[in-house]
Amino acid sequence: MKLVTGATGLVGSHLMVQLSNKGAEIKAMKRSGSDMHLIEKVFSLYALEAEKQLKAIQWVDADLTDITVLEDLMVDVDEIYHCAAIVSFHPSMRRLMLLTNVNGTANLVNAAVHKGNIAFCHVSSIAALGRSENQAMITEENLWKNSGSNSIYSVSKYGAEREVWRGVAEGLNAVIVNPAVILGPGNWKSGSSELFSLVWRGLKFHTSGTTGYVDVRDVASAMVTLMEKKHYGQRFILSAENLSYRQLFSWIAGSLGKKEPSIHVKPWMAEIAWRLMAIKGFVMRETPAITRETARTSLVKKSYSSHKLEEAIGFKFIPVEKSINDISKIFLRDHTS
Numbered sequence: 000m001k002l003v004t005g006a007t008g009l010v011g012s013h014l015m016v017q018l019s020n021k022g023a024e025i026k027a028m029k030r031s032g033s034d035m036h037l038i039e040k041v042f043s044l045y046a047l048e049a050e051k052q053l054k055a056i057q058w059v060d061a062d063l064t065d066i067t068v069l070e071d072l073m074v075d076v077d078e079i080y081h082c083a084a085i086v087s088f089h090p091s092m093r094r095l096m097l098l099t100n101v102n103g104t105a106n107l108v109n110a111a112v113h114k115g116n117i118a119f120c121h122v123s124s125i126a127a128l129g130r131s132e133n134q135a136m137i138t139e140e141n142l143w144k145n146s147g148s149n150s151i152y153s154v155s156k157y158g159a160e161r162e163v164w165r166g167v168a169e170g171l172n173a174v175i176v177n178p179a180v181i182l183g184p185g186n187w188k189s190g191s192s193e194l195f196s197l198v199w200r201g202l203k204f205h206t207s208g209t210t211g212y213v214d215v216r217d218v219a220s221a222m223v224t225l226m227e228k229k230h231y232g233q234r235f236i237l238s239a240e241n242l243s244y245r246q247l248f249s250w251i252a253g254s255l256g257k258k259e260p261s262i263h264v265k266p267w268m269a270e271i272a273w274r275l276m277a278i279k280g281f282v283m284r285e286t287p288a289i290t291r292e293t294a295r296t297s298l299v300k301k302s303y304s305s306h307k308l309e310e311a312i313g314f315k316f317i318p319v320e321k322s323i324n325d326i327s328k329i330f331l332r333d334h335t336s
């Protein structure tokens, strides 16, 4: 039995359809009242027999902060895929992110170690990796450094990863994946999927930053393969290509038939933007669309290497431009039907 946390999210839903297509028995963990729309959409897109496979999944409403419930879930489980996490760059979410991402992971690791004979795959992030000097390629060997410039999200993902390494030291068979920015047909109003909505609505601005990108289908596939081949006690960066935000937006615009963003945002403009958004958010009592962390991150140039994964399992990534074209077809279907 495979236990999947964060089962209704972008990674969790795509992972489950791949496991289900292989005939795996799945126990899917979600929060009470979770929106099931995405999981249903993903299965309709990629499952061999969507309705039948969805009915075969054992759904469990549970919270990562409840260690007693987690231990009960372990009874018939031999593999755990930990996809659940809160992603936010807003200061008000700090406490909840640390509670869910760090403490929740610690609880899950403890339950797995207590049960024994469980393989564990943890979805971390490139945000949990250390920086490089002179814009050199970042690898799994770049160690974390405490810094005031680390985002709240980065701190929480690094903390979660430390809990998994602690579990490894206690005998847990675990593998960690560090995906770059994950692209996929998710909720068009949040996460990286919202980038397609922004371009669709006529996004005019782009920044000078660079980062890595990876198709969600590749994330799921790499996770399954790494577990099958038992690459325990290691972490792997998952990044298909390193692109500038301008290039990414240009490809999205082209695939959606929209005009590409043409106004270059300079550092001083980004600093003004997040401050104005903070004021607007305070007055309107809403979460700002741009925070200090997202504004500054969008200007940073970072590149990531997936050489270790490619060497370990011969992995071939879907080119980012193809990912964007595939996602755009689904976006257009959802917005023109």
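Reminder that position 285 of the sequence shown reads as 284 in numbering that gives the first Met the number 0, one-by-one numbering, no gaps.
Beta carbons are placed, not taken as given, at the ideal position from N, Cα and C, and that holds for glycine.
Every unbroken beta strand (DSSP E) within the region 34-75, with a cutoff of 3 residues, ordered by chain = Counting whole runs of 3 or more residues, the region 34-75 contains the beta strand (DSSP E) stretches 57-60.
request  = Please go through the same chain and pick out, in chain order, the residues whose beta-carbon is closer than 6 Å to the beta-carbon of K279, but skip the five residues on each side of it.
outcome  = With a pLDDT of 40 at K279, under the threshold of 50, the predicted position of this residue should be treated as unreliable, and no value is reported.
inquiry  = With three or more C-beta pairs closer than 8 Å as the rule, is the region 140-158 touching the region 196-205?
reply    = When Cβ pairs closer than 8 Å are counted between the two stretches, the region 196-205 is seen not to touch the region 140-158, the count staying below three.
query = Are there 16 or more other CB atoms within 10 angstroms of the CB of G232, so buried, or fewer, so exposed?
reply = Exposed, by the Cβ-count rule.
task = Provide the residue(s) that pair with L331 in DSSP beta bridges, ordered along the chain.
result = L331 is not bridged to any residue.
task = Inspect the CB distances between the region 305-317 and the region 222-240 and report whether three or more fall short of 8 Å.
result = Yes, the region 305-317 is in contact with the region 222-240.
message = Quick check: is the beta carbon of S150 nearer than 8 Å to any beta carbon in chain D?
response = No chain D appears in this structure, which consists of one protein chain only.
message = Suppose the cutoff is 8 Å on Cβ atoms and the five residues either side in sequence are ignored; what does the same chain contact list for E193 look like?
response = Only N186 and W187 meet the Cβ criterion.
task = Tell me whether the beta-carbon of A6 lies closer than 8 Å to the beta-carbon of M0.
result = Contact flag unset, no.
ask   = Could you give the distance in angstroms between the alpha-carbon of V215 and the alpha-carbon of L9?
value = A straight line joining the alpha-carbon of V215 with that of L9 spans about 7 Å.
message = In whole angstroms, give me the CA-to-CA distance for T83 and T4.
response = First, the residue type needs correcting, since residue 83 is Ala and not Thr in the sequence shown. If I take the Cα positions, the gap works out to 5 Å.
key: Opening and closing residue of the beta strand (DSSP E) in which S91 lies   = Careful: S91 lies outside any beta strand (DSSP E) and carries neither H nor E.
request  = Could you tell me if S91 is buried or exposed, where buried requires 16 or more neighbouring beta carbons within 10 angstroms of its beta carbon?
outcome  = By the beta-carbon neighbour count (other beta carbons within 10 angstroms, threshold 16), S91 is exposed.
For N324 and S220, believed in contact at Cβ under 8 Å, the rounded distance = S220 to N324, Cβ: 19 Å. No contact.
ask   = Nearest-angstrom Cα distance between D333 and S327?
value = Each residue's alpha carbon lies about 10 Å from the other.
query = What is the rounded straight-line gap between the Cα of E169 and the Cα of S196?
reply = Answer to the nearest angstrom: the Cα atoms are 44 Å apart.
Neighbourhood of S43 by C-beta, 6 Å cutoff - its chain only, sequence neighbours within 5 removed = Answer for S43: A49, listed in chain order.
request  = Could you tell me the distance, in whole angstroms, from the CA atom of L171 to the CA atom of P260?
outcome  = Between L171 and P260, the C-alpha separation is close to 47 Å.
message = Assuming R234 is part of the beta strand (DSSP E), what are its boundary residues?
response = Counting along the chain, the unbroken beta strand (DSSP E) around R234 starts and ends at Q233 to L237.
query = DSSP on N109, reduced to helix/strand/coil?
reply = DSSP places N109 in helix when its eight states are reduced to three.
ask   = On the three-state DSSP scale, how would you describe N145?
value = Looking at N145 - three-state DSSP - the assignment turns out to be coil, as it is neither helix nor strand.
task = Can you tell me which of H121, K228, C120 and S148 puts its alpha carbon nearest to the alpha carbon of R130?
result = The residue from H121, K228, C120 and S148 with its alpha-carbon nearest to that of R130 is S148.
inquiry  = Considering only DSSP beta bridges, list what A179 is partnered with.
reply    = In the DSSP assignment, A179 is bridged to no other residue.
query = Per DSSP, what kind of secondary structure is S243 in: helix, strand or coil?
reply = In the displayed model, S243 falls within a strand according to three-state DSSP.
request  = Could you tell me if the beta carbon of V218 falls within a distance shorter than 7 Å of some heavy atom in the ligand GDP?
outcome  = Absent from the structure shown: the ligand GDP. Ligands present: none.
message = In this structure, how does DSSP classify D217 when only helix, strand and coil are distinguished?
response = Per DSSP, reduced to three states, the secondary structure at D217 is helical.
query = What are the boundary residues of the alpha helix (DSSP H) that Y157 is part of?
reply = Membership of Y157 in the alpha helix (DSSP H) is indicated by the continuous run I151 to A168.
ask   = If you pair each beta-carbon of the region 97-104 with each one of the region 54-61, do three or more pairs fall below 8 Å?
value = Contact between the region 97-104 and the region 54-61 is not established, with fewer than three Cβ pairs separated by less than 8 Å.
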